[in-house]
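Participant:
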Amino acid sequence: MKLSKKTLIYSLAVSLLMVALFIGYFNALLPSLYVDFKQDKNLESIKELQQKYCKERSYANLKVLNPTSTITIEFPMVGSTLILKNNFMEVEATIKDSELLEMLDKLRNLSDDFSNEDFQISEDELKSYQDTIFDKLMPSKLVLENYPISVHVKSTSDYQGLIQISNKMHLISKKTFVYESNVGDGQTYYTSYFAISRLSDMIVVTVSSVTTPSMDDIKPVIVRSLPMILAIVVLLSMLLSSIFAKYIVQPIRKVTFMAEHIINTKKLKMKPIVLGNKDEIAYLGETMKEVYQRLEDNFQELEIKNARLSEENRRQEVFLRASSHQLKTPIQAALLLTDGMINEVGKYKNTKEYLPQLKGQILNMKRIVEEILSLHHNTNELSMETVEISVLLKSILARYDCQISEKALTVVTKYGEVMMVSNQELLEKIFDNIIANAINYTPSNNSIRINVTKEEVSICNEGTMIEPELLPHIFEPFVTSNVKERGHGLGLYIVSYYSKLLGLIVNIENTKEGVLVRIMNDKSC
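Take 653 as the starting number for the sequence shown in my numbering and just add one per residue.
1. I need the straight-line Cα distance from C706 to R850, nearest angstrom please.
2. Report buried or exposed for N739, applying the criterion of at least 16 other Cβ atoms within 10 angstroms of its Cβ.
3. In or out: L695 buried (at least 16 other Cβ within 10 Å) or exposed?
4. Buried or exposed for I1086, going by 16 or more other Cβ atoms inside 10 Å?
5. Checking 8 Å against the spacing of the C-beta atoms, do L1122 and F1083 come in under that value?
6. Taking buried to mean at least 16 other C-beta atoms within 10 Å of its own C-beta, is R1061 buried or exposed?
7. With a threshold of 6 Å on Cβ separation, who are the neighbours of G1068 within its own chain once the five nearest residues in sequence on each side are excluded?
8. Should A897 go down as buried or exposed, given a rule of 16 or more other Cβ atoms within 10 Å for buried?
9. Hey, out of G838, T843, V857, whose CA is closest to F829's CA?
10. Just the C-alpha distance for I1091 and N1113, rounded to the nearest angstrom, thanks.
11. For S860, tell me which candidate among S852, I994, I848 has the shortest Cα-Cα distance.
12. Is the segment 662 to 674 close to the segment 686 to 701, with three or more CB pairs under 8 Å?
13. What's the C-alpha gap between I661 and E955?
14. Please classify P1124: is it buried, with 16 or more other beta-carbons within 10 angstroms of its beta-carbon, or exposed?
15. Beta strand (DSSP E) containing G1166: first to last residue?
16. In angstroms with no decimal places, state the Cα-to-Cα distance between C1177 and V943.
17. Under the assumption that V716 contacts T722 (Cβ atoms under 8 Å), give the Cβ distance between them as a whole number of angstroms.
18. Short check: CB of V862 to CB of N713, under 8 Å?
19. If you reduce the DSSP assignment to three classes, tell me which class F896 lands in.
20. Short of 8 Å in beta carbon distance, which residues of its chain neighbour M1036, apart from the five on each side in sequence? Order them along the chain.
21. Give every residue of the same chain whose Cβ lies closer than 8 Å to the Cβ of I1048, excluding the five residues on either side of it in the sequence, and list them in chain order.
22. So which of I1160, T1003, D991, P982 has the shortest CA-CA distance to F1127?
23. Among V1158, Y1093, E1108, which one has its Cα closest to the Cα of T1116?
24. On the criterion of 16 or more Cβ atoms from any shown chain inside 10 Å, does M854 qualify as buried, or is it exposed?
25. I think N1173 touches L1156, with their Cβ atoms under 8 Å apart; what is that distance to the nearest whole Å?
26. Looking at C-alpha atoms only, which residue of P872, S663, E1107, I1171 is the closest neighbour of I900?
27. If you draw a straight line from the alpha carbon of Y711 to that of L892, how long is it in whole angstroms?
28. Using a Cβ-Cβ cut-off of 7 Å (strictly less than) and excluding sequence neighbours within five positions of G1143, which residues of its own chain qualify?
29. Tell me the rounded alpha-carbon separation between I1111 and N958.
30. Just curious, the alpha helix (DSSP H) that A1090 is in, first and last residue?
31. Quick check on DSSP: helix, strand or coil for I1118?
32. Tell whether a beta-carbon distance below 8 Å holds between R1101 and V1064.
33. Can you tell me the Cα-Cα spacing of Y1052 and K1059, whole angstroms?
34. DSSP state of I1014, grouped into three classes?
35. One question on the structure: do I1146 and V1158 come within less than 8 Å of each other, judged by their Cβ atoms?
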């Protein structure tokens, strides 16, 4: 299963679990929380109303939660006249009943500090006040005089279906408390609040009755809304999960594409991918890119080494073939001279004449072997140092003073202060072979010009030329242009080989004056 589908299924499972918890919360906890919230809100409403009314003495700027069932009564400290107020009216009433007047006097004699420990009103006492007021104010006791409609109360009944559930008293301040009474018939529940405040000139009583919400009232609404809630949650979960899965899988696809591209093309080189994020997947992609970059570097390094190794194998094969062929001539000549002198055949009886020739052939073979051994010297680890070119050339020329004097050659030098970081041993072999060739192939009474600059070292020997057909092969082993004074033909091959090791370029060309050899640093070209 693909990661996108796994992510989608996982997200849907989490979403369904959240929906189940959501439904459980709505069905079990929310109704009770709503009921508690409404009760607290009703209590806070009567508290706020009582405090603001005591300050304003008016309903003009007051916000009442239940204006039709809320009324405030002002009880003056003297007299029997009461003032009743709410949002709709303001009524003066005079108490004529002696029992009610007695209750009014008890109310006036309440403590000035409701928070005092001595102040106590029992629930039985409050209930007796409540029953007395309800009994006195029953519709059968009311007489409406001078009212345009005649009202006659035929009968009254004490409805016993209402059951007293609880009574609570809430102390608001030293001058104010709220009495809460809860009743119900099993289906509907009612709460009555009596807020009483003792002021300096009167006692203010606010009465408010509310219907207490029931959990059974809100549950059907929640149940009817659950299908819509469930459908919306599932659809949103699927949509968001799909987007999230695509967002997660996209960088993984890029990394996978990068790996597949490398596998299919068998190349590590490819365009860099951009993941954009800074999460674990992006870190994985960056790590893979770094791994592939290192693999690419190693691959390229191996290709370079393989190319060098292939070239070295080819060079050794050519060199060994040429060496074998080149060694045949002096070996055969030496054997011929040796056999002739041993058997005293003809002119070879004169050993004094032909022994020096035999020695010359042996020395020729010795030089070839020495050059071969020198050429195969371990060059894997070259020690680099700073070499002053003019000093090196002077020391090489000093070794050839006898040859230069013997041929009456003129050496013209123009040295600049040039320093080169290189391997002095190999660099000396390069210049030594070039100078030796210049001395050997320059005719007597001619000049050799040496010029040293930061860009190149040039050596020109006058009075001689290289055959044009030999120039393309001049650096191959055992190639020489002078038959009369030919050597073994390894000098320029050694120059070419060591120059590549040191990163130098050697160029040989014919000029009007003679043969010009230029040695340049590969970095300066």
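Beta carbons: idealized from backbone N, C-alpha and C, even for Gly.
All figures in this text were calculated on a predicted structure; none of them were measured in a lab.
Facilitator: Quick answer:
1. If you number the sequence shown from 1, residue 706 lands on position 54. If you number the sequence shown from 1, residue 850 lands on position 198. Near 9 Å, if we compare the C-alpha coordinates of R850 and C706.
2. For the purposes of this step, residue 739 is taken as residue 87 along the sequence shown, with counting starting at 1. When all chains shown are included, N739 counts as exposed.
3. For the purposes of this step, residue 695 is taken as residue 43 along the sequence shown, with counting starting at 1. It is buried - the Cβ of L695 has at least 16 other Cβ atoms within 10 Å.
4. Looking up residue 1086 in the sequence shown gives position 434. Classification for I1086: buried.
5. Within the sequence shown, the letter at position 470 stands for residue 1122. Within the sequence shown, the letter at position 431 stands for residue 1083. Result no, Cβ atoms of L1122 and F1083 do not sit closer than 8 Å.
6. For the purposes of this step, residue 1061 is taken as residue 409 along the sequence shown, with counting starting at 1. In the sequence under discussion, the amino acid at residue 1061 is Leu, which differs from the Arg named in the question. L1061 should be labelled buried.
7. Residue mapping note: residue 1068 aligns to position 416 of the sequence shown, counting from 1. Cβ within range, chain order: V1104, T1105.
8. Stepping through the sequence shown from its first residue, residue 897 is reached at position 245. Buried: at least 16 other Cβ atoms inside 10 Å.
9. Taking the first residue of the sequence shown as position 1, residue 829 is located at position 177. Of the candidates G838, T843, V857, the one whose C-alpha sits nearest the C-alpha of F829 is V857.
10. Along the sequence shown, read from residue 1 onward, the residue named residue 1091 stands at position 439. Along the sequence shown, read from residue 1 onward, the residue named residue 1113 stands at position 461. If you take the alpha carbons of I1091 and N1113, they lie about 8 Å apart.
11. Taking the sequence shown and counting its residues from 1, one reaches residue 860 at position 208. It is I848 whose Cα lies nearest to the Cα of S860.
12. no
13. Reading the sequence shown from its first residue, position 9 is the one you call residue 661. Reading the sequence shown from its first residue, position 303 is the one you call residue 955. Approximately 48 Å, taken between the alpha carbons.
14. Counting from one through the sequence shown, the residue named residue 1124 turns up at place 472. That one is exposed.
15. The count along the sequence shown starts at 1 and reaches residue 1166 at position 514. That run of the beta strand (DSSP E) goes 1166 to 1173.
16. By 1-based counting over the sequence shown, the position of residue 1177 is 525. By 1-based counting over the sequence shown, the position of residue 943 is 291. Reliability fails at C1177, whose pLDDT of 41 lies under 50, so the model's placement of it is uncertain and no value is given.
17. Within the sequence shown, numbered from 1, the residue matching residue 716 stands at position 64. Within the sequence shown, numbered from 1, the residue matching residue 722 stands at position 70. The Cβ separation is near 5 Å, so the contact holds.
18. Here the question's residue 862 lines up with position 210 in the sequence shown. Here the question's residue 713 lines up with position 61 in the sequence shown. Against a cut-off of 8 Å, the Cβ pair of N713 and V862 comes out as no contact.
19. Here the question's residue 896 lines up with position 244 in the sequence shown. Helix at F896.
20. On the sequence shown, residue 1036 is found 384 positions in, with the first residue counted as 1. V1073, S1074, N1075.
21. The sequence position of residue 1048 within the sequence shown is 396, counting from 1. Hits under 8 Å: E1080, F1083, D1084, I1087.
22. As a position in the sequence shown, residue 1127 is number 475, starting the count at 1. Cα-wise, what sits closest to F1127 is I1160.
23. As a first step, residue 1116 must be located in the sequence shown, where it is residue number 464. T1116 has its Cα closest to that of Y1093, out of V1158, Y1093, E1108.
24. Stepping through the sequence shown from its first residue, residue 854 is reached at position 202. Buried, by the Cβ-count rule.
25. Numbered from 1 along the sequence shown, position 521 holds the residue referred to as residue 1173. Numbered from 1 along the sequence shown, position 504 holds the residue referred to as residue 1156. That belief holds up - the Cβ atoms of N1173 and L1156 are roughly 6 Å apart, short of 8 Å.
26. Reading the sequence shown from its first residue, position 248 is the one you call residue 900. If we check each option's Cα against that of I900, S663 comes out closest.
27. The residue given as residue 711 occupies position 59 in the sequence shown. The residue given as residue 892 occupies position 240 in the sequence shown. Cα to Cα, Y711 sits roughly 52 Å from L892.
28. Counting from 1 along the sequence shown, the entry for residue 1143 is found at position 491. Closer than 7 Å at the Cβ level, and outside the excluded window around G1143, lie N1085, A1088, N1089.
29. For this step, residue 1111 is matched to residue 459 along the sequence shown. For this step, residue 958 is matched to residue 306 along the sequence shown. In a straight line, the C-alpha of I1111 is about 35 Å away from that of N958.
30. Along the sequence shown, read from residue 1 onward, the residue named residue 1090 stands at position 438. It spans 1076 to 1093 - the alpha helix (DSSP H) in which A1090 sits, taken as one unbroken run.
31. Along the sequence shown, read from residue 1 onward, the residue named residue 1118 stands at position 466. I1118: coil per DSSP, three-state reduction.
32. For the purposes of this step, residue 1101 is taken as residue 449 along the sequence shown, with counting starting at 1. For the purposes of this step, residue 1064 is taken as residue 412 along the sequence shown, with counting starting at 1. Yes, the pair counts as a contact, with Cβ atoms nearer than the cut-off.
33. Start at 1 with the first residue of the sequence shown, and residue 1052 comes out as number 400. Start at 1 with the first residue of the sequence shown, and residue 1059 comes out as number 407. Cα to Cα, the separation comes out at about 11 Å.
34. As a position in the sequence shown, residue 1014 is number 362, starting the count at 1. I1014: helix per DSSP, three-state reduction.
35. The sequence position of residue 1146 within the sequence shown is 494, counting from 1. The sequence position of residue 1158 within the sequence shown is 506, counting from 1. Taking 8 Å as the Cβ cut-off, I1146 and V1158 do not qualify as a contacting pair.
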